[in-house]
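Position in the sequence shown (from 1) plus 4 gives the number in the working numbering. Quick notes on the structure that follows.
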Amino acid sequence: MPTHRRWSEDSIPAGQRPSWPVLLAEQHGIVSRRQLHAYGHTMSDIRANLAGGRWQRVLPRVYSTFTGGLSRSAKIHAALLYGSGYAILSHRTAAEEWKILPVIEGPVEITVPYTFSAISQAPLVIVHRSRALPHIAAGTDPPRARVTDTILDLATSQRTPRQATNTIVDLLGRTRISVAAMEACVLVRPPFRYRPAIRHGLALVGGGLMSALEVAYKEDVEDLHGLPRGSRQTPFEVDGKTLWEDVTYDARGAAVTVRLDGRSTHSTPGVAFRDRRRDNAAELAGRARLVYGWRDVRDSPCAVAAEVRTILIREGWTPSNSRENTCPHCR
Numbered sequence: 005m006p007t008h009r010r011w012s013e014d015s016i017p018a019g020q021r022p023s024w025p026v027l028l029a030e031q032h033g034i035v036s037r038r039q040l041h042a043y044g045h046t047m048s049d050i051r052a053n054l055a056g057g058r059w060q061r062v063l064p065r066v067y068s069t070f071t072g073g074l075s076r077s078a079k080i081h082a083a084l085l086y087g088s089g090y091a092i093l094s095h096r097t098a099a100e101e102w103k104i105l106p107v108i109e110g111p112v113e114i115t116v117p118y119t120f121s122a123i124s125q126a127p128l129v130i131v132h133r134s135r136a137l138p139h140i141a142a143g144t145d146p147p148r149a150r151v152t153d154t155i156l157d158l159a160t161s162q163r164t165p166r167q168a169t170n171t172i173v174d175l176l177g178r179t180r181i182s183v184a185a186m187e188a189c190v191l192v193r194p195p196f197r198y199r200p201a202i203r204h205g206l207a208l209v210g211g212g213l214m215s216a217l218e219v220a221y222k223e224d225v226e227d228l229h230g231l232p233r234g235s236r237q238t239p240f241e242v243d244g245k246t247l248w249e250d251v252t253y254d255a256r257g258a259a260v261t262v263r264l265d266g267r268s269t270h271s272t273p274g275v276a277f278r279d280r281r282r283d284n285a286a287e288l289a290g291r292a293r294l295v296y297g298w299r300d301v302r303d304s305p306c307a308v309a310a311e312v313r314t315i316l317i318r319e320g321w322t323p324s325n326s327r328e329n330t331c332p333h334c335r
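And the structure:
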């Protein structure tokens, strides 16, 4: 019998034949060499299908039973099959699957047991290793790391401690994960990198901060320039809904609101409309308000602090000597 014959489903043992199309559908046309052997393929069959352009090699020992580009789902299944039956989605890919980060083009990130030999295969898959793999898997389909462990992995993979802190604050602000749940995760699985920075991020979230921009405002504007610490996430009723202002100074004797907008544009017309109504509500209540974005706080914190100080004093705040200006750029 020629070794280059085209394989057909008739070659599958009768008892396994009904499950073959189910497998292909579940894995978006991606199969491993082990699975192919289980369904009656020989290595000669695999080579013939590859040479004939009917299949393509995606990763070592992983193939697509079609030609052309791979969908995101196909890439995910290819990476998991390459990493073995114990691999899980992790880091950026797990965050995308949990919908706490937007989906972007890039490699699929997986975590495998520490002793496994799989290595990263650019540009399709990045391989991480973990001794705690059985404890961090969420049991989803496809398998991925738990939300808390995903956030922790992303924080420890940052380039600087400050980026690690900001990652904790930003991602917790996008989820319903509590500070207590994250603290429990850190306690059970203490990170080797940026542990103080991660705990600092958790403390900031516990104090009401919800984004990296809010962290930058607190540390670079308020703390460095001797401004009073405002109240975070103050609720206001607008259009029958409760919205939260980022920073208010009523407790310091000044009816002043500082709104921190990390978006370059409003995501929906409804958001822009609510913000206009919130501005109008503040005006009707006689509240002074200031709005700053990333560029303001990051590039000109001294100018922002000077503006905030001016408005606070105008609205009734009396500076004290307990918080001095320690900014090296404007002292």
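Beta carbons are placed, not taken as given, at the ideal position from N, Cα and C, and that holds for glycine. These figures come from a predicted structure and were not determined experimentally.
Residue i (DSSP reduced to helix, strand or coil)
{"i": "W248", "result": "strand"}
{"i": "E241", "result": "strand"}
{"i": "T314", "result": "helix"}
{"i": "Q60", "result": "strand"}
{"i": "S48", "result": "helix"}
{"i": "I92", "result": "strand"}
{"i": "R180", "result": "coil"}
{"i": "R166", "result": "helix"}
{"i": "R236", "result": "strand"}
{"i": "T305", "result": "A small correction: the amino acid at residue 305 is Pro; Thr does not occupy that position in the sequence shown. In the structure shown, P305 sits in a helix (DSSP, three-state: H, G or I)."}
N-terminal and C-terminal residue of the alpha helix (DSSP H) that residue i is part of
{"i": "Y86", "result": "76-86"}
{"i": "A122", "result": "No alpha helix (DSSP H) holds A122; DSSP gives it neither H nor E."}
{"i": "E187", "result": "183-192"}
{"i": "P200", "result": "199-210"}
{"i": "S324", "result": "First-last for S324: undefined, no H or E at that position."}
{"i": "P111", "result": "Per DSSP, P111 belongs to no alpha helix (DSSP H) and is neither H nor E."}
{"i": "S23", "result": "23-30"}
{"i": "L264", "result": "Counting along the chain, L264 falls outside any alpha helix (DSSP H), though it belongs to the beta strand (DSSP E) covering 260-265."}
{"i": "V66", "result": "Note, V66: premise wrong, no alpha helix (DSSP H); beta strand (DSSP E) at 66-68."}
{"i": "E218", "result": "216-220"}
Close beta carbons around residue i, own chain, < 6 Å, minus the five adjacent residues each side
{"i": "L228", "result": "T330, C331"}
{"i": "L176", "result": "V209"}
{"i": "G89", "result": "none"}
{"i": "P147", "result": "I92, A141"}
{"i": "V107", "result": "E100"}
{"i": "G297", "result": "D265"}
{"i": "G205", "result": "T169, I172, V173"}
{"i": "A220", "result": "V301"}
{"i": "I16", "result": "W24, Y43, G44"}
Residue from the options with nearest C-alpha to residue i
{"i": "W59", "options": "I34, Q167, S134", "result": "I34"}
{"i": "L27", "options": "G57, G297, S68", "result": "S68"}
{"i": "V260", "options": "R318, V192, R302", "result": "R318"}
{"i": "G2", "options": "C306, A307, G297, A258", "result": "Only positions 5 to 335 of the chain appear in this structure, which leaves residue 2 out of reach."}
{"i": "F240", "options": "E249, A91, I130, S36", "result": "E249"}
{"i": "S121", "options": "T238, M214, V131", "result": "V131"}
{"i": "A307", "options": "G244, G266, T322, L231", "result": "L231"}
{"i": "G57", "options": "T71, L158, M47, A18", "result": "T71"}
{"i": "Y198", "options": "H333, T164, E113, R61", "result": "T164"}
{"i": "L264", "options": "G244, R302, T246", "result": "R302"}
{"i": "S326", "options": "V129, R233, S304, A255", "result": "R233"}
{"i": "V190", "options": "A168, D224, R180, D153", "result": "D153"}
{"i": "T4", "options": "V129, L105, K103", "result": "In this structure the chain extends from 5 to 335, so residue 4 is not present and cannot be described."}
{"i": "T314", "options": "A292, R180, H333, T144", "result": "A292"}
{"i": "L105", "options": "L158, R38, A309, I123", "result": "L158"}
{"i": "A188", "options": "L156, I16, R135", "result": "L156"}
{"i": "S182", "options": "P194, A207, A52", "result": "A207"}
{"i": "P111", "options": "D254, A126, Y118", "result": "A126"}
{"i": "P64", "options": "S23, Y221, I123, I80", "result": "I123"}
{"i": "P117", "options": "E109, H139, T97", "result": "H139"}
{"i": "D224", "options": "R178, C334, G320", "result": "C334"}
Any chain B beta carbon closer than 9 Å to residue i
{"i": "Q20", "result": "Chain labels in this structure do not include chain B; a single protein chain is all it has."}
Same chain, Cβ closer than 8 Å to residue i, five either side skipped, listed in chain order
{"i": "E311", "result": "L294"}
{"i": "G212", "result": "S235, R236, Q237"}
{"i": "T160", "result": "A168, P195, F196, R197, Y198, I202"}
Span of the beta strand (DSSP E) around residue i
{"i": "A292", "result": "292-297"}
{"i": "V35", "result": "34-36"}
Near the ligand NAD: residue i beta-carbon under 8 Å from a heavy atom
{"i": "L27", "result": "Summarising the ligand content, the structure contains no ligands, and the ligand NAD is consequently not present."}
Cutoff 7 Å; reference residue i; Cβ partners in own chain excluding five residues on either side
{"i": "A78", "result": "H32, G33, I34, S68"}
{"i": "A216", "result": "N170, V173, D174"}
{"i": "L85", "result": "I34, S36, V66"}
Unbroken stretches of the alpha helix (DSSP H), 4 residues or longer, contained in the region 131-163
137-140, 151-160
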